[in-house]
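The next block holds one structure in the form of structure tokens; read it before the comments.
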Amino acid sequence: MTLRKTMAVFVAAALLGAVVTGCSKDAKTTPAAGEAQKTNPIPFAGKPVNKWDKFYEEKDGVKHFYLWLEEKEVEILTGVKVPVWAFNGQLPGPELRFKEGDHVNVHFRNTASQPHSIHFHGQLGLDTQNDGVPATSFTVNPGKEYTYDFIATSSGTMMYHCHVATYNHVDMGMYGSMIIEPKNEVKNWDKEYTFILDDWAVGNMDPFATVTKRDYNYFTVNGKAFPETTPVEGKVGEVVKIRFINMGYRSFSIHSHGYGGLITHLDGYPVPQPYQRDVFTVAPGERTDVLITMREGIYPWHDHQLENVLNNGEYLGGATFLVIGKK
Ligand SMILES: [Cu+2]
13 MTLRKTMAVF VAAALLGAVV TGCSKDAKTT PAAGEAQKTN PIPFAGKPVN
63 KWDKFYEEKD GVKHFYLWLE EKEVEILTGV KVPVWAFNGQ LPGPELRFKE
113 GDHVNVHFRN TASQPHSIHF HGQLGLDTQN DGVPATSFTV NPGKEYTYDF
163 IATSSGTMMY HCHVATYNHV DMGMYGSMII EPKNEVKNWD KEYTFILDDW
213 AVGNMDPFAT VTKRDYNYFT VNGKAFPETT PVEGKVGEVV KIRFINMGYR
263 SFSIHSHGYG GLITHLDGYP VPQPYQRDVF TVAPGERTDV LITMREGIYP
313 WHDHQLENVL NNGEYLGGAT FLVIGKK
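The numbering of the sequence shown is this note's numbering, which starts it at 13 and goes up by one.
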């Protein structure tokens with residue numbers, strides 16, 4: 013275990029201990045590992061997939077990204093598994109990063125059992141054929157490939173996701189971040205993080221059901237629930253950019269303990285005048301970019317829609333992460 017992880021777990025344990033002693037009567041048992049598997053069909057789970065042998069290459073002035081799918085279970089918290097249809101076997105899928113004005117090809121090989129597509133949310137340089145919406149274009153069926161081809165005319169924090177039966181396919185983890193750097197960008201930050209928010213109905217996920225009003229009981233940042241979320245770390249004085257993307261059903265109202273985050277972009281667009289918030293809401297599908305200057309100490313940033321900081325009824329968990337500033 014790295015020092016960073018050790019510290020995060022230590023702080024998490026301290027926070028949990030402090031809180032659980034005062035409020036343990038409502039704690040529920042976490043589902044046992046494998047419980048989700050019994051109720052959730054993953055037709056191709058464990059089968060080898062014919063994946064691409066590369067993720068990225070630049071060729072003849074075009075930036076090529078290669079995506080495929082794996083049907084599998086992942087742990088969103090130790091012992092808590094969910095079924096996912098994972099781009100390149102990852103939750104979230106790998107980040108697509110390029111520059112405004114780039115010619116981009118995204119080669120999608122459907123190595124899974126269901127029809128899928130890719131929608132590049134927020135990118136305005138697409139014609140209908142490359143918008144990834146089945147009703148207006150087509151699906152990429154199992155065993156087939158398609159190359160999405162576009163010029164990146166817009167920039168900012170965006171995401172890609174499947175657009176087939178989105179209420180289920182996105183719920184199955186079919187998403188990843190897409191960061192398009194503006195032309196001639198002057199970076200006024202030292203490091204950056206991208207955090208994708210999501211909610212999960214562990215034990216009640218059925219990708220073939222049309223019921224969407226599920227009882228969401230786990231909440232994740234980049235596919236992990238607290239205390240296993242990635243902390244933001246930096247030296248005192250360092251400027252850190254955090255890009256939030258909400259791929260869940262619920263809004264997340266992030267409370268930035270110890271900080272007033274400077275909101276610089278909404279949905280990838282620069283706001284006319286950046287402004288401070290200590291709670292900022294990221295609604296489903298929205299993106300919010302925040303700048304902070306690291307200060308000394310450890311601060312838990314968490315969703316202030318407080319049922320989203322539970323792990324199946326256990327406090328403190330869910331959409332929480334630590335911001336750790338060191339001298
Ligand atoms: Cu899909």
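Backbone N, C-alpha and C define an ideal beta-carbon position, used for all residues, glycine too.
Delimiting residues of the beta strand (DSSP E) encompassing residue i
i, result
"N117", "115-121"
"K339", "Counting along the chain, K339 falls outside any beta strand (DSSP E), and DSSP gives it neither H nor E."
"D161", "157-163"
"I88", "81-89"
"A98", "92-99"
"H267", "264-267"
"Q285", "281-289"
"M184", "Premise fails: M184 is in no beta strand (DSSP E) and is neither H nor E."
"L209", "203-212"
"G273", "273-278"
"T232", "230-233"
"K247", "244-247"
"A68", "The sequence shown places Tyr at residue 68, rather than the Ala named in the question. Note, Y68: beta strand (DSSP E), 68-71."
"H133", "131-133"
"N258", "251-258"
With 16 other Cβ atoms within 10 Å as the buried cut-off, status of residue i
i, result
"P60", "exposed"
"G325", "exposed"
"A221", "exposed"
"K247", "exposed"
"Y68", "exposed"
"A98", "buried"
"A124", "buried"
"A147", "exposed"
"N229", "buried"
"K338", "exposed"
"T165", "exposed"
"N52", "Its pLDDT being 49, under 50, N52 is placed unreliably in this model, and the coordinates cannot settle the point."
"Y271", "buried"
"Q135", "buried"
Continuous alpha helix (DSSP H) stretch holding residue i: start and end
i, result
"Y412", "The shown model of the chain, from 13 to 339, leaves out residue 412, and the question about it has no answer."
Proximity test, residue i beta-carbon vs ligand 1 heavy atom, cut-off 6 Å
i, result
"H133", "no"
"H173", "no"
"M186", "yes"
"V61", "no"
"H128", "yes"
"V176", "yes"
Helix, strand or coil at residue i [DSSP, three-state]
i, result
"E112", "coil"
"L322", "strand"
"Q141", "helix"
"T169", "strand"
"T305", "strand"
"P312", "strand"
"H175", "coil"
"F56", "coil"
"T148", "coil"
"L328", "coil"
"F238", "coil"
"Y261", "coil"
Beta-carbon proximity check, residue i vs residue j, cutoff 7 Å
i, j, result
"H175", "V152", "no"
"V283", "F256", "no"
"I336", "P243", "yes"
"S149", "Q141", "yes"
"K195", "V252", "no"
"I254", "Y205", "yes"
"V214", "V94", "yes"
"G273", "R299", "no"
Distance cut-off 6 Å: residue i Cβ against heavy atoms of ligand 2
i, result
"H181", "By its list of ligands, the structure shown excludes ligand 2, since it contains just ligand 1."
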